[in-house]
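Enquirer: In my numbering, the protein residues as written are 637 to 700. Built from N, CA and C at the ideal position, the CB exists for glycine as well. Bear in mind that the values here come from a model prediction, so they are computed numbers and not experimental data. I'd like to ask some things about the structure below.
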């Protein structure tokens, strides 16, 4: 993406995927509220991506 250009609503950035997970409803609500309070709106994906990267780094990356 060119510097200064943001994707428009409904567009997906190149190299990103949209996915779904099954997770406890109360856990998701608590997590969402915590992210909203700390980071502001529309940051859930960024926080989840960071957590996934941290998990991979902590656990030795992707092993076959």
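Could you check the C-alpha separation between residue 694 and residue 651 for me, to the nearest Å?
Expert: Against the chain shown, residue 694 aligns to sequence position 58. Against the chain shown, residue 651 aligns to sequence position 15. About 23 Å.
Enquirer: With DSSP as the reference, label residue 655 as helix, strand or coil.
Expert: Reading the chain shown from its first residue, position 19 is the one you call residue 655. Of the three classes helix, strand and coil, the one that applies to residue 655 here is coil, per DSSP.
Enquirer: Rank 692, 689, 691, 681 by C-alpha distance to the C-alpha of residue 657 and give the top, closest one.
Expert: Here residue 657 corresponds to residue number 21 of the chain shown, with the count starting at 1. Looking at the Cα atoms, 681 is the closest of the given residues.
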